[in-house]
Amino acid sequence: MDNSIQTAFRQVSEISTKEERYEPFSWYEKMRKESPVRWDEKRGAWDAFDYQSVKNVLENKDLFSSNRSRRQEGEQASPIELSLISIDPPKHTQMRSLVNKAFTPRVMKDWRPRIERIANQLLDEIQDPSEIDLVKQYSYPLPVMVIAEILGVPIKDQDKFKDWSDWVVAGPTDNSPEALKKLEENQQRTYYELYVYFKEIIAMKRQQPGEDIISVLIQAEMQGTTLTEDEIIGFCILLLVAGNETTTNLISNAYYCFTEFPEIYEEILKDPAGTLPLTVEEVLRYRSPVQSMSRVAKEDTVLNGAEIKAGNIVVAWMGAANRDEQQFENAHEFNIRRKPNPHLAFGKGIHFCLGAPLARLEAEIAMAEWIKRYPRFERSSGFSLEPIESTFVYGLKELKLSVL
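Read in UniProt numbering, the sequence shown has 222 at position 222, and its numbers run on one by one without any break.
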């Protein structure tokens, strides 16, 4: 993560305890009412909390840039700075058009039986349903196995993927210079290891291409499309991390919601096919797997009365926007019948999450296959709240459940 993003995403002082990290919603509500767009001097960044402001920041590519790099002239860009999440048109348009073909409705239809197979394989491996760690045994391995197939990388490396992904999305334990320095060192090490890993994979794919997305990008490069190897590596890192972190947390957050609202889970049991797609959307809104994204103002602008200067970082808090009472009736309620549900969990505009159709499909299948085997469960006696230590990725390190 480049220094500008790291600065913007320092641990927000108002969110410090475990409980506050997983339940920041009363603070979000306070900020929406008192300071919907505010300047945080300590972090050197603007924060946007209300729905309309967040939507404006995310979708207005002419005013807010995704290029958050603070590199000096002559410094080489890191691969992640060259990935889709960090670039603007026209390069973004070119790269996105290349990889879109891996996430079309037709491709998703082909993926359904493969995801069902992986889900059932993981459920078969659960030996003791009296204490299941949903994250470790189900919500993490399922999306990482899927994304490994899409990328064409060995699934035997999934433990490495977990460690790398955790460090990429990690936040500092506190705002001390020591904590920030340690985090930066670990993230630099992680990016280096990812770079070396994917460089080796790309070399192998050049010799033996397959039907995976890395081979598609290499072939596009060979056919004259101007993609550098670092750009391909940056996309691989982004897809690996986003492809498993987001979906893992979507599934985990869903099951936490089910333990919060057992009466709603009973409603799902009566009609899984009719309720699960809507349930996925409401989990995305109610406990968004990504709580915030940052942009850089391209020019001086006014956002909900706040005068933002060119070059200022603006953090768009999607998790707060998705609980905005001005946009969602009874926003504090978990309502799986909510229609319409225009949440911003996957972003908005040209950077709308490329893998959104895949994440939705994986979550729906994960729940549908689980219900067939374990229609009754609760948080186990060994459960303790262990949220991920990050100010933008939102989920649980573990979720211990007991089947009834």
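Even for Gly, the Cβ is constructed at its ideal location relative to N, Cα and C.
Short Cβ contact (9 Å threshold) for residue i with residue j
| i | j | result |
| --- | --- | --- |
| E398 | V135 | yes |
| Y138 | A321 | no |
| residue 435 | S165 | This structure leaves residue 435 out entirely; the chain is present only between 1 and 404. |
| L58 | F49 | no |
| L123 | R373 | yes |
| D62 | K298 | yes |
| E116 | R323 | no |
| W111 | L344 | no |
| K118 | V153 | Checking the sequence, you will find Ile at residue 118 rather than Lys. Not in contact: I118 and V153 (Cβ atoms no closer than 9 Å). |
| F392 | V169 | yes |
| V290 | Y394 | yes |
| L217 | V99 | yes |
| I251 | E362 | yes |
| L276 | K339 | no |
| A316 | S288 | no |
| L396 | Y192 | no |
| V280 | M204 | no |
| N341 | F352 | no |
| Y22 | L385 | yes |
Residue i - DSSP class collapsed to helix/strand/coil
| i | result |
| --- | --- |
| V290 | strand |
| I308 | strand |
| P387 | strand |
| V216 | helix |
| F64 | strand |
| R38 | strand |
| D133 | strand |
| I87 | coil |
| I126 | coil |
| R112 | helix |
| R21 | helix |
| I313 | strand |
| R295 | strand |
| A331 | coil |
Element boundaries [alpha helix (DSSP H), containing residue i]
| i | result |
| --- | --- |
| K42 | Counting along the chain, K42 falls outside any alpha helix (DSSP H), and DSSP gives it neither H nor E. |
| L401 | First-last for L401: K400 to V403, but that is the beta strand (DSSP E), not the alpha helix (DSSP H). |
| residue 431 | The structure shown does not extend to residue 431, since the chain is modelled only from 1 through 404, so no value can be given for it. |
| A321 | M318 to A321 |
| V54 | Y51 to E59 |
| F377 | From DSSP, F377 is part of no alpha helix (DSSP H) but of the beta strand (DSSP E) over F377 to R379. |
| E185 | P177 to Q207 |
| E245 | E229 to E260 |
| L361 | A356 to R373 |
| A345 | Per DSSP, A345 belongs to no alpha helix (DSSP H) and is neither H nor E. |
| S165 | Q158 to V169 |
| E149 | P141 to L151 |
Residues near residue i by beta carbon distance below 7 Å, same chain, minus five either side
| i | result |
| --- | --- |
| N335 | E282 |
| W167 | N186, Q187 and T190 |
| L151 | D212, I213, I214, C236, L239 and L240 |
| E34 | none |
| residue 416 | Residue 416 cannot be examined here, being either before or after the span of the chain that is shown, 1 to 404. |
| P143 | G243, N244, T247, T248 and E362 |
Beta-carbon proximity list for residue i, same chain, < 8 Å, skipping 5 on both sides
| i | result |
| --- | --- |
| T93 | I350 |
| Q219 | P209 |
| L269 | I371 and P375 |
| N312 | A45, W46, V296 and A297 |
Cutoff 6 Å; reference residue i; Cβ partners in own chain excluding five residues on either side
| i | result |
| --- | --- |
| W27 | E14 |
| F383 | K400 |
| residue 443 | With the chain covering only 1 through 404, there is no way to say anything about residue 443. |
| I155 | M145 and A148 |
Exposure label - residue i; buried when at least 16 CB within 10 Å
| i | result |
| --- | --- |
| R285 | buried |
| S130 | exposed |
| Q326 | exposed |
| T104 | exposed |
| M31 | buried |
| residue 434 | Residue 434 lies beyond the range of the chain shown here (1 to 404); nothing can be said about it. |
| G347 | buried |
| residue 417 | Residue 417 lies beyond the range of the chain shown here (1 to 404); nothing can be said about it. |
| R360 | buried |
| T17 | exposed |
| V302 | exposed |
| G171 | buried |
| S390 | buried |
| N253 | buried |
| E369 | buried |
| V196 | exposed |
| N249 | buried |
| A273 | exposed |
Residue i, enclosing beta strand (DSSP E) - first and last residue
| i | result |
| --- | --- |
| V302 | T301 to L303 |
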